[in-house]
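Chains A and B, in that order, give the protein sequences. Residue numbering for the first sequence follows this note's numbering, starting at -2 and increasing by one per position. Residue numbering for the second sequence follows this note's numbering, starting at -10 and increasing by one per position. Encoded as C-alpha cells, the structure appears first; notes follow it.
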Amino acid sequence: MVWLYFAYLGKYVLLYQESHSLFIFDNYYFSQHLKFPGGITEYITSFLVQFSFYPLIGALFVAFIISALPFFVQRIFPVNQKYFFFLSFIPSVLLLSCYRKVDFGLSIPVAISLNFAGLYLFSAVSSSRIRLIVACLLIPILYFTTAGIYHVFWLIVLLIVGLQNDYKNKFATISALLALAVAIPFFSNVYLFRLTFSDAYFRFIGDNLSALPPQFYLLTLVIILLPFVEKISRNNVLKERLVSMKYLSTFNILLTVIILSLALHYSYDKRVSQMVTIASHANQENWENVLEIANEYDGTNYLVSYYANVALLNSGEIEHKLFDYNQSLGAEGLFFTWDRSRKKSEHGGRLYYDLGFINEAHHWAFESMVSNGENASQLQMLALTNLVNERTKAAKKYLSILKKTLFYADWSKEYLSLINSSETLNDNGIIVAKRSQVPKGDFFMNLNDLVPDLVQMLKSNPDNEAACKYLLTYYLLSNQIDLFAETLVEFKNHFKKLSPLYQQALFVHLLAHPTEKEKFNVFEISNNTELLFKAYVKGMQTYKPRRGNIPQEFSEKFGTTFWYYLHFVSPHGNKVISKR
Amino acid sequence: MKTINSILLVVFIGIFAGCGLSKIDNYTTSDKVVEIFPDYTDITIPPNIAPLNFKIQVEADEYFVEIKNNDDHVIKVKSTDGNIDIPIEQWKRLLKDNRGKQITFSVYTKKEEWTKYPDIVNHIAKEEIDSHLVYRLLYPGYELWNEMGIYQRNLESFDESPVVENKALEKGCVNCHSFAANSPDNMMFHVRGKLGGTVIINQKGLKKKNIKREDMPRGAVYPSWHPSGKYIAFSSNKIKQYFHAKGSKYIEVSDFDSDLILYDVDGEKVERYDAVAKKEYMETFPTWSPDGKYLYFTRAVKIPENGDIKDVRYNLIRVAVDAQGKPLEKPEVVIDAAAEGKSVAFPRISPNGKYLVYTLADYGNFTIWHEEADLYCLNLKTLKSEKLTLNSENVESYHSWSSNSNWMVFSSKRHDGHSALPYFAYIDSNGISHKPFVLPQRNPEFYNRFLKTYNIPEFIKSAIPVTEWQIVNTIRN
Chain A
-2 MVWLYFAYLG
8 KYVLLYQESH
18 SLFIFDNYYF
28 SQHLKFPGGI
38 TEYITSFLVQ
48 FSFYPLIGAL
58 FVAFIISALP
68 FFVQRIFPVN
78 QKYFFFLSFI
88 PSVLLLSCYR
98 KVDFGLSIPV
108 AISLNFAGLY
118 LFSAVSSSRI
128 RLIVACLLIP
138 ILYFTTAGIY
148 HVFWLIVLLI
158 VGLQNDYKNK
168 FATISALLAL
178 AVAIPFFSNV
188 YLFRLTFSDA
198 YFRFIGDNLS
208 ALPPQFYLLT
218 LVIILLPFVE
228 KISRNNVLKE
238 RLVSMKYLST
248 FNILLTVIIL
258 SLALHYSYDK
268 RVSQMVTIAS
278 HANQENWENV
288 LEIANEYDGT
298 NYLVSYYANV
308 ALLNSGEIEH
318 KLFDYNQSLG
328 AEGLFFTWDR
338 SRKKSEHGGR
348 LYYDLGFINE
358 AHHWAFESMV
368 SNGENASQLQ
378 MLALTNLVNE
388 RTKAAKKYLS
398 ILKKTLFYAD
408 WSKEYLSLIN
418 SSETLNDNGI
428 IVAKRSQVPK
438 GDFFMNLNDL
448 VPDLVQMLKS
458 NPDNEAACKY
468 LLTYYLLSNQ
478 IDLFAETLVE
488 FKNHFKKLSP
498 LYQQALFVHL
508 LAHPTEKEKF
518 NVFEISNNTE
528 LLFKAYVKGM
538 QTYKPRRGNI
548 PQEFSEKFGT
558 TFWYYLHFVS
568 PHGNKVISKR
Chain B
-10 MKTINSILLV
0 VFIGIFAGCG
10 LSKIDNYTTS
20 DKVVEIFPDY
30 TDITIPPNIA
40 PLNFKIQVEA
50 DEYFVEIKNN
60 DDHVIKVKST
70 DGNIDIPIEQ
80 WKRLLKDNRG
90 KQITFSVYTK
100 KEEWTKYPDI
110 VNHIAKEEID
120 SHLVYRLLYP
130 GYELWNEMGI
140 YQRNLESFDE
150 SPVVENKALE
160 KGCVNCHSFA
170 ANSPDNMMFH
180 VRGKLGGTVI
190 INQKGLKKKN
200 IKREDMPRGA
210 VYPSWHPSGK
220 YIAFSSNKIK
230 QYFHAKGSKY
240 IEVSDFDSDL
250 ILYDVDGEKV
260 ERYDAVAKKE
270 YMETFPTWSP
280 DGKYLYFTRA
290 VKIPENGDIK
300 DVRYNLIRVA
310 VDAQGKPLEK
320 PEVVIDAAAE
330 GKSVAFPRIS
340 PNGKYLVYTL
350 ADYGNFTIWH
360 EEADLYCLNL
370 KTLKSEKLTL
380 NSENVESYHS
390 WSSNSNWMVF
400 SSKRHDGHSA
410 LPYFAYIDSN
420 GISHKPFVLP
430 QRNPEFYNRF
440 LKTYNIPEFI
450 KSAIPVTEWQ
460 IVNTIRN
C-alpha cells in the first residue's frame, strides 16, 4: 500500500527529495558524514534517496523503511501485537502523515527505524546482564549514527526495564543507562564533534525543530506510550476479556487499513504535487509535460505561471499560445526577482539560462547550491554555465563530482569527454547555441526588473531571439502595447510572419495610432484577425462581459486572445499603458 | 602453540608486506616530466611542512616513489591509484635532517614494465613556517551563505579544527579575523547578524564589543592590529554589489564611502581618524608598519552612487603616527596607482619591515574576482615596486606574512578560477619570491572535489589558546 502510494500518487515527494539531495561515491563525501553525530544516517538516507531518480525504485526503499517499524514494534511489544496489533502501525502512520510537508526528509524515518532495530536487539535478549551490555553498546552506536533520535532508544529501554516487575537490579541498571545516555553526547562532543550542547544532544531533532510537523511530536508521545500499553495488556483480567472478544482480529485489520488510508489521504497535497512535478519536468526540459500541468493547475501560482512561460519560450509557442494558459499574474508570472530567497534561488536561474544571461544563471545556481546544498540540477547548471563561459577548469570540477554519482555519471562523462577535446566542445550544439545568445558586451544586471536587463541584452546582442520574444511577452502582459509595437518593429528580422497574438496586439496599437500604419507596413495583419476583432466587439456588445462576470460562451470564444486578456485578465488594469 | 605460530606468521607476513617497497631495478627511462597534482615540483618548502601528498597524473597499474636527499634516508611509497601518501613521521625526519638542502622525488610507474621519469627536485629552506594557518571556509559565492566558519590548520600535520563555526551562531556571518604580529593571543573577528559584534581575544580574556560610532559610514570592517596589541585600526565601508552580465568577473563589490577609525582595545574607545578621513576620499585596508611608526592604507577619490565603479582606483598612502597610533603629519602618497590606471589593495608589510606586498588590479578593491589582480612587492627602503614571480594568469589577492618574514601565504584562483586556495611562497633575503605551492592535504585529490574557498589566510605562531566553546559562549552571552 505504502509502495503503491509513493510510486504513483506520492511520487512528487520522492522527486522533491531526490532533487534536494546528492549521493557521491567517494571517500571525501563519506568522511564528511563522520564529522558529526547522525552523519551516518544522513549518508544512508542520501544513498537511498538517490534511487528516487526512478520513483518506482525509490518508493520501494521508502516503503521498506516505513514498513520496518511495525515489524520491530510487534516484536518488541509482543502482547500488544497479540491483542492490538493495529497499534504497531501507528508510528508508521504518523510518519507517513509527516509527508504532508514535502521537505520532511527520509532521515528521521531511517533514524527511528535504526533505533527500533536496536530496541529489537535489546528485547531479544532475555538475560538482564547481557541486556545491560547490549544497551551500553547500543547507546553510543545509536548516538553516533542517529544523533538526537537516540533518545528514542534509551528512553524506551529505561521504560521497559522500569515497568518490568521482576527485573534484577532495576535501580542500578536504570541509573547506569541514564548516566551513559547523558555522558555519551557530552564527552563525544568535548573530544570529537565540538558542537554546541543543544546540537550535541538534539541534533536532528533540534536542527529542524521549528520545521518539524506536529505529527512528529505525536509520534514521540506514541512511542513513549507503547511500553505502558504493553504493561497494561499483560494484565490477566484484561487478557481474559480480550481473548473472549469475537472479531478482535477483524477489528484490528479494519482499523489498520482505515488509519493507513487516512494517513495517505492526509499526506497527499495536490497543489504541492503539481508544483514539484512541474519543476521536475522543467529541469528535464519536458516542456510538453510542464504545459500540461500548468493547464491542469486550478488557481494561480507564481511557480506554475513562471514555468509555463519558460516552457512556452523553450517550445517556441510563446507568441502563439501565451493566453492558452493562466496569465492572471500578468508580467509578474514571467520571472522571479532576486530577493535572496533560498526557495526562489532554486528556480529563478532557469529563465536566465534560457535567455542567454549565462553569468546570471550561474549566479542563481550557485546561490541555490550554497543555501540548499549540493544537488544534481544545480551542479549541472554550474557545469554548463562554466562551459559556455569557457571556464573549463571550474566546469570540470562540477562534472567530476557528478561523475561519482549513480544517475548523473553518464551526463557528466559526455561533457568531460568534450572538455578533453576543445574542438568537440566548440562544436557541441548546446554550447554553441548558448554562446550565440550571450551579450556581446558587459553591463550590470538589474535583477529587480527583467525589462532593463532584456533591453540591455538586445542592445548588446540583437540576434538573441529568446530575449526579444520574452521582452515582447513582458510588454503584452503588462499592457504596454506602444513599447510592444516599437520593439516589434526594431527587431522585425526575428519575425517573418506575425503570430495571430502579435497581430491582435499590433491591431490595438494601430487603432490608437492610425498614423503609424506605414511604420508597421512590414507586418501583415490578416483578415482573420480583423474578422475576429469584429466578432470580439460584437461579442462585447452582446454578452456585456465584466471582470468577474464573464459569460462562458464569450470566454470560450475569445479567452485566448490578447483583447480578452487586456480587458478581463490583466492585473495591470484593462487599459493600454503608454510608456513612451 | 600452533595458534601462536599462526599469529606470528601473519604478523611476519604483515611486516614484510609493509616493508616490501624495495628499489625498482629494471625500468626504462622517460624524458617526459611526470605530471603530478598538486604541482609540487621545483619548489622551496619549509622544514616543518606537512607531507606533500600528491597524485601521479599518469595512467598506470602501479606507482612507486622514492623521496630522499641521499641514500641514508629514503622514503618509499607504493600506490595502485597514483595517490602518494607520504608517511608523516619519516617525512618529518627527512625534512629535519636536510634543512637548506635539496630532496628528490624519483617517480616510477608500471604499465607492463616500470618507467622512471626525470627526478622532481625540491629545496628545503632553513627557515620554518609558522605552525598554524587560520582561514575562513565558505562557498566563493555571491550573497547567500549557509554554513561557514573560521578554522585553524596545523601546517606541520593535516589537523584542522574550527575556531568558530556559524552553525552555533544562528548561521550569522563570521569574518575579518586578524591577529597582532602573528600572535594567537591577540585575535579579533566580526560576527554579523542577530548575535553581531566584534570578538576580541587577548591576555585579558575574551570579549564581544560593538565597535561603532554615529559618524561612521557603516560598522567596523577591515582590521589591522597595532604591533603593541593595544589598538586596532579599522576601515568602515559602505558597499554595493553588482553582477556582471558577461565576462570573467561574475560579481563586483564597490565602496561608496569609507573611513578609518582607531579602536583602543583596553579603553574600549572608538576614534575617527580625522586627520586622514577626508570627505572627498574613501580610505580602506589599514595596515601598521611593524615598528608602529606608520599607518599605511589605500585611498580613492569618492564617486557618486551612480558613478562608474571602474573609475574607483586606490593609491597606497601612509601617515606617520605616534605611539598611540595618532597621526603626526599629513598623509603621503606612496604608490600613485591611479595615475597608472591601476588600483592598490591589501597592503601587508613583512614583520622585518623590509617589504610591503600589495594586490594590484585595474580598479576597485574587491580584487578576489579580478582575474588581472596580481601581487607586487614594494621595497620600503627604495620605494620601488616589482611584480612578484609567483603570480598566475588568474586571481592573486589576499596575502599575509609569516612571523619570520620568509614565507608568504596568498589566495589564488589558479586551480579552477573559482575557489581561492592558499598558496605558500618562500621569500628570500633579496625579496625574490620562489615558486609557490598549495596547502598540502592528506588526500591529494582534495582540491578537485572541494567547492569552498579559503578566505583570509593568516599565519599564527601556535594554536589559538581558547576553545570554540569559549568563543561561542562569549558571543551568545
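Just so it is clear, CB atoms sit at the ideal spot from N, CA and C, and this is done for glycine as well.
With distances taken Cα to Cα, identify the nearest neighbour of residue i among the options.
i        : options                                   : result
Leu331/A : Ser475/A, Ala380/A, Lys401/A and Asp407/A : Ser475/A
Ile153/A : Thr193/A, Leu288/A, Ile109/A and Leu326/A : Ile109/A
Arg288/B : Gly296/B, Asp311/B and Asp246/B           : Asp246/B
Gly138/B : Ile338/B, Leu195/B, Tyr128/B and Lys99/B  : Tyr128/B
Cys165/B : Ala266/B, Trp396/B, Glu132/B and Val123/B : Val123/B
Thr217/A : Phe113/A, Leu259/A and Asn525/A           : Phe113/A
Tyr517/A : Val307/A, Phe504/A, Leu215/A and Ser374/A : Per the sequence shown, residue 517/A should be read as Phe rather than Tyr. The shortest Cα separation from Phe517/A among Val307/A, Phe504/A, Leu215/A and Ser374/A belongs to Phe504/A.
Phe274/B : Pro212/B, Thr33/B and Asp405/B            : Pro212/B
Ala276/A : Leu12/A, Asn383/A and Leu135/A            : Leu12/A
Val573/A : Glu527/A, Pro210/A and Leu507/A           : Leu507/A
Gln313/B : Tyr303/B, Lys299/B, Val96/B and Glu260/B  : Glu260/B
Lys228/A : Ser374/A, Leu156/A, Arg543/A and Phe248/A : Leu156/A
Val308/B : Asp405/B, Arg302/B and Leu317/B           : Leu317/B
Ser150/B : Gly281/B, Asn304/B and Ile453/B           : Ile453/B
Asp31/B  : Ile92/B, Asn72/B, Asn87/B and Arg207/B    : Ile92/B
Tyr2/A   : Leu396/A, Tyr263/A and Pro137/A           : Tyr263/A
Leu590/A : Glu39/A, Ala208/A, Leu399/A and Asn461/A  : Outside the shown range of chain A (-2 to 577) lies residue 590/A, about which nothing can therefore be said.
So the alpha helix (DSSP H) residue i belongs to, where does it begin and stop?
i        : result
Ser414/A : Ala406 to Asn417
Met366/A : Ile355 to Asn369
Leu66/A  : Pro52 to Ile73
Ser230/A : Pro211 to Ser230
Leu384/A : Ala373 to Val385
His262/A : Leu245 to Ser264
With respect to the beta strand (DSSP E) encompassing residue i, which residues constitute its N-terminal and C-terminal limits?
i        : result
His569/A : Counting along the chain, His569/A falls outside any beta strand (DSSP E), and DSSP gives it neither H nor E.
Gln230/B : Tyr220 to Phe232
Gln91/B  : Gln91 to Lys99
How big is the Cα-Cα spacing for residue i and residue j?
i        : j        : result
Lys394/A : Phe439/B : 8 Å
Arg432/A : His359/A : 14 Å
Tyr533/A : Val269/A : 37 Å
Ile4/B   : Lys67/B  : Confidence in Ile4/B is poor, its pLDDT being 42 and thus under 50, which makes the residue's placement too unreliable to answer from.
Leu379/A : Glu411/A : 15 Å
Gly7/B   : Ile64/B  : Residue confidence for Gly7/B is low, a pLDDT of 42 falling below 50, so the modelled location carries little weight and cannot support an answer.
Leu288/A : Arg202/B : 56 Å
Ser125/A : Ala409/B : 58 Å
Val90/A  : Ala173/A : 34 Å
Ala362/B : Phe44/A  : 42 Å
Ser552/A : Leu309/A : 22 Å
Tyr25/A  : Pro27/B  : 17 Å
Gly556/A : Leu413/A : 48 Å
Glu78/B  : Phe184/A : 29 Å
_Contacting positions in the region 152 to 166 of chain B - beta carbon closer than 8 Å to chain A_ = Lys156 and Ala157
_Given 8 Å, three or more beta-carbon pairs between the region 422 to 441 of chain A and the region 452 to 462 of chain A_ = yes
*Pairing CB atoms from the region 186 to 203 of chain B with CB atoms from the region 162 to 178 of chain B, are three or more of them under 8 Å?*
yes
*Mind checking the region 18 to 34 of chain A against chain B and listing, in chain order, the residues whose C-beta falls within less than 9 Å of any C-beta there?*
Ile21, Asp23, Asn24, Tyr25, Tyr26 and Ser28
_Using a Cβ-Cβ cutoff of 8 Å, what residues of the region 439 to 466 of chain A are near chain B? List them in chain order._
Asp439, Phe440, Phe441, Met442, Leu444, Asp450, Gln453, Met454 and Ser457
*asked:* Quick check: the region 246 to 257 of chain B against the region 213 to 229 of chain B, are at least 3 beta-carbon pairs closer than 8 Å?
replied: yes
*Between the region 105 to 124 of chain B and the region 398 to 414 of chain B, do at least 3 Cβ pairs fall closer than 8 Å?*
yes
*Of all the residues that make up the region 61 to 77 of chain A, which are near chain B by a beta-carbon distance shorter than 7 Å?*
none
*Taking a Cβ distance cut-off of 8 Å, strictly less, list which residues of the region 184 to 205 of chain A are near chain B, in chain order.*
Arg191, Leu192, Thr193 and Asp196
*Taking three-plus beta-carbon pairs below 8 Å as touching, is the region 18 to 34 of chain A in contact with the region 60 to 69 of chain A?*
no
*Should the region 12 to 27 of chain B be regarded as contacting the region 92 to 109 of chain B, the criterion being three or more beta carbon pairs within less than 8 Å?*
yes
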